[in-house]
Amino acid sequence: MRRANRIGLILGAGVAFATPAAFAATASPSAHARAAAALADIQVAISTIMAAENGTTSGPANYVRAAQSAINALVGSKDPAFDPHVPNPGDATGSMGQVNALLDQTATPPYVPALHGVQVNELAAVAYLQEAVKARGLNAFQTASSSALENLEVAEGRTSQYDVLGGMLGAIANTSLAVPDGAPTANGCAAPKAVGYGLHHGWLIWHAVKPGAVSIPATGTASVKKENGMLVLYTAAAPMVQHHCAAHAAAATTKHAAAPAMIRPVADTLPAKRPSLLIDAAAHTAASPALYTAAQAASGKAVYATNCASCHGANLQGVAAPAIAGTEFLKTAASNKYTVSILNTIVTQNMPFNNPGSLKPGEYAEVMAYLLASNCYPAGKTAFPTNPPSSFGTAPLAAQVHPAGTPNKLGVCPVK
Ligand code: HEC
């Protein structure tokens, strides 16, 4: 709902985009088909604008028409910004209509942030193109249309990025949007056994093809391996997602190993002799390893204030972005099965959201220390590592039984 309102507001219209109801008459296209159509509309808008920029000697009427054509391809024929007197080089739904339909569902697949990025950039592009349409003179046209192009190139994106900056190409390359209707899929955490797409929680990890396949598919590829007589194309997101795989596998084995031990004593032994099971479990949670030093957490506080607080709040309580410490965050962490290691991957690869990877490795370690301290984890003698081995931080993030500090009412331990 928020998305639809925002678009309506910016384009100055009450009902801006086709809602799913508008598609109800026809069979709904697959998510892959929508994504591909959205990308094609962006690309045709780009080529239309570029042709107009190169052909400006043909006179204002022509380049102004080109700008309006690009708008048509982006917004689709149901939008008030659409002009039926000018040809639409795209499809009737428009790129933004397709993106909106993909976002208009209750689930939040991993392509959501990337599509939000696409939306924002398409809105900006349309606004510039509307200036271009009204431009008096070549210079004004070129300034506006060049700005529109810049936004559209970001919306088109690149396959090597799977976050908000990946745009349409990044989303198609790294998520379930890659999978054409009816194509075989498999558990992406396992090694590929047959041609198809390996998925985990909506992320695409690999795409396996026959070696003789004429063209490497359009999914972006970070690395290619020969496995089981197939070519296996691993996505840019694969390393990050494989962390999650490991966490899930670990969670699953722990459960299996724990189950018989929990059941048998109740049946076979005297209850009075065996309350220690419960105590063992509690002791296990309490014995959180010390994963960082107090000095790191103190430096991390400043790193956080400069790079993270604007979105996550001065007290980590969540403002524009979700809470990242305290009771609310630990609920999210539990439902997503976050471990310290996964948290570190999120922070080092995706944060700051607007500029991922922009901090120095030492600063990331410090801000991680600050996050752990704020979540009431104990400090110790060993620093949080800048490049943790895969064995590091595999325990699930959890509320601390004996918190290191006094949690405030949000469950956050203030760090000095
Ligand atoms: C420009 C805003 C912005 C900045 C700055 C930012 N974040 Fe985020 N962060 C977000 C958004 C938005 C999300 C949710 C992303 C999603 O749901 O995919 C997020 C998610 C997270 C999460 C995962 C939370 C969860 O519920 O899964 C962590 C941890 C996090 N950020 C830490 C940080 C740290 C540490 C910094 C500073 C180094 C930082 N962020 C800077 C916007 C920001």
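At the far end of the sequence shown sits residue 1449, using the numbering used here, and the numbering has no gaps.
We put the beta carbon where it would ideally sit given N, CA and C, even for glycine.
With a cut-off of 8 angstroms, do at least 3 Cβ pairs link the stretch 1370 to 1384 to the stretch 1393 to 1404?
As far as the Cβ criterion goes, the stretch 1370 to 1384 touches the stretch 1393 to 1404, which means the pair count is three or higher.
Ala1224 versus Leu1185, Leu1182, Ala1271 and Ser1368, residue with shortest Cα-Cα distance
Translated into positions along the sequence shown, residue 1224 becomes position 191. Closest by alpha carbon: Ala1271.
Cutting at 7 angstroms between CB atoms, please list the residues of its own chain near Val1352, excluding the five before and the five after it.
For the purposes of this step, residue 1352 is identified with residue 319 of the sequence shown, where counting begins at 1. Same-chain partners within the cutoff: Cys1344, His1345 and Gly1346.
Nonlocal neighbours in the same chain, by C-beta distance under 8 angstroms from Gln1101, ignoring five residues either side:
Sequence index remark: in the sequence shown, residue 1101 carries index 68 (1-based). Here the set comprises Asp1116, Val1119, Leu1162 and Val1166.
So, does the stretch 1101 to 1112 touch the stretch 1219 to 1238, judging by three or more C-beta pairs under 8 angstroms?
no
Between the alpha carbons of Ala1147 and Pro1322, how many angstroms are there, rounded?
Working through the sequence shown from its first residue, we reach residue 1147 at position 114. Working through the sequence shown from its first residue, we reach residue 1322 at position 289. Answer to the nearest angstrom: the Cα atoms are 35 angstroms apart.
Where does Ser1209 land, buried or exposed, given buried means 16+ other C-beta within 10 angstroms?
Walking along the sequence shown from the start, residue 1209 turns up at place 176. Ser1209 should be labelled buried.
Ranges of the beta strand (DSSP E) found wholly within the stretch 1205 to 1272, counting only runs of at least 3:
1218 to 1220, 1229 to 1233, 1236 to 1242, 1256 to 1260 and 1263 to 1267
Give the range of the alpha helix (DSSP H) segment to which Lys1167 is assigned.
Taking the sequence shown and counting its residues from 1, the one referred to as residue 1167 is at position 134. Start and end: Val1145 to Lys1167.
Is Ala1338 closer than 8 angstroms to Asn1408 when the C-beta atoms are compared?
The residue given as residue 1408 occupies position 375 in the sequence shown. The residue given as residue 1338 occupies position 305 in the sequence shown. No, the Cβ-Cβ distance between Asn1408 and Ala1338 is not below 8 angstroms.
Look at the alpha carbon of Leu1264 and the alpha carbon of Thr1381, and state the distance between them as a whole number of angstroms.
One-based indexing of the sequence shown puts residue 1264 at position 231. One-based indexing of the sequence shown puts residue 1381 at position 348. Those two C-alpha atoms are separated by around 30 angstroms.
Euclidean distance between Cα positions of Gly1199 and Ala1188
What you label residue 1199 is simply residue 166 of the sequence shown in a count that begins at 1. What you label residue 1188 is simply residue 155 of the sequence shown in a count that begins at 1. One C-alpha to the other measures close to 8 angstroms.
From Cys1278, His1065, Ser1424 and Pro1411, residue whose alpha carbon lies closest to that of Ala1030:
In the structure as shown, the chain begins at 1034 and stops at 1449. Residue 1030 is therefore absent and cannot be evaluated.
Are the CB atoms of His1276 and His1233 within a distance shorter than 8 angstroms?
To locate residue 1233, count along the sequence shown from 1; it is residue 200. To locate residue 1276, count along the sequence shown from 1; it is residue 243. No, Cβ-Cβ distance for His1233 and His1276 is not below 8 angstroms.
Tell me Thr1372's beta-bridge partners as DSSP assigns them.
Numbered from its first residue, the sequence shown carries residue 1372 at position 339. Pro1429.
Identify every run of the alpha helix (DSSP H) within the stretch 1084 to 1130, keeping only runs that are complete inside it and at least 4 residues long; order them along the chain.
1093 to 1108
Going by DSSP, what residue range makes up the alpha helix (DSSP H) through Phe1174?
Translated into positions along the sequence shown, residue 1174 becomes position 141. Phe1174 -> alpha helix (DSSP H) spans Leu1171 to Glu1189.
How should Asp1214 be labelled, buried or exposed, when 16 other C-beta atoms within 10 angstroms of its C-beta is the threshold for buried?
By one-based count along the sequence shown, residue 1214 stands at place 181. Its Cβ having fewer than 16 others within 10 Å, Asp1214 is exposed.
Whether Gly1123 touches Ala1134 by CB criterion (8 angstroms):
By 1-based counting over the sequence shown, the position of residue 1123 is 90. By 1-based counting over the sequence shown, the position of residue 1134 is 101. Not closer than 8 angstroms, so no.
Residues near Ala1070 in its chain [Cβ-Cβ closer than 6 angstroms; skip 5 each side]
In the sequence shown, the residue the question calls residue 1070 occupies position 37. The residues are Asp1124 and Gln1131.
For Arg1067, count the other beta carbons within 10 Å of its own beta carbon; 16 or more makes it buried, fewer makes it exposed. Which is it?
Along the sequence shown, read from residue 1 onward, the residue named residue 1067 stands at position 34. Buried, because 16 or more other Cβ atoms sit within 10 Å of the Cβ of Arg1067.
Taking the alpha carbon of Thr1090 as the point to measure from, which residue in Ala1437, Ser1063, Leu1171 and Met1083 has its own alpha carbon closest?
Reading the sequence shown from its first residue, position 57 is the one you call residue 1090. Residue Leu1171 is the option with its Cα nearest to Thr1090.
Short check: CB of Gly1203 to CB of Gly1221, under 8 angstroms?
Taking the sequence shown and counting its residues from 1, the one referred to as residue 1203 is at position 170. Taking the sequence shown and counting its residues from 1, the one referred to as residue 1221 is at position 188. Taking 8 angstroms as the Cβ cut-off, Gly1203 and Gly1221 do not qualify as a contacting pair.
Give a single yes or no on whether Pro1394 has its beta carbon closer than 7 angstroms to a heavy atom of the ligand HEC.
What you label residue 1394 is simply residue 361 of the sequence shown in a count that begins at 1. Checking the 7 angstroms criterion, the Cβ of Pro1394 is out of range of every heavy atom belonging to the ligand HEC.
Counting contacts by CB-CB distance shorter than 8 angstroms, is Val1336 in contact with chain D?
No chain D is part of this structure, which consists of one protein chain only.
From the DSSP output, in three-state form, read off Thr1139 for me.
Stepping through the sequence shown from its first residue, residue 1139 is reached at position 106. Three-state result, Thr1139: coil.
Mapping the DSSP letters down to three states, classify Ser1391 as helix, strand or coil.
Taking the first residue of the sequence shown as 1, we reach residue 1391 at position 358. The answer is coil: DSSP assigns Ser1391 none of H, G, I, E or B.
Return helix, strand or coil for Ser1332, following the three-state DSSP convention.
Here residue 1332 refers to the residue found at position 299 when the sequence shown is read from its first residue. Note: Ser1332 maps to helix in three-state DSSP.
Assign Ala1356 to one of three DSSP states: helix, strand, or coil.
Against the sequence shown, residue 1356 aligns to sequence position 323. Three-state DSSP puts Ala1356 in coil, outside helix and strand.
Mapping the DSSP letters down to three states, classify Ala1305 as helix, strand or coil.
Stepping through the sequence shown from its first residue, residue 1305 is reached at position 272. With a pLDDT of only 32 at Ala1305, under 50, the local geometry of the prediction cannot be trusted, and the value read off the model is given with reservation. In this structure, Ala1305 counts as helix in the three-state DSSP scheme.
In angstroms with no decimal places, state the Cα-to-Cα distance between Val1108 and Gly1333.
Translated into positions along the sequence shown, residue 1108 becomes position 75. Translated into positions along the sequence shown, residue 1333 becomes position 300. Using only the alpha carbons, I get a separation of about 44 angstroms.
Could you check the C-alpha separation between Pro1062 and Thr1218 for me, to the nearest Å?
Mapped onto the sequence shown, residue 1062 falls at position 29. Mapped onto the sequence shown, residue 1218 falls at position 185. Answer to the nearest angstrom: the Cα atoms are 19 angstroms apart.
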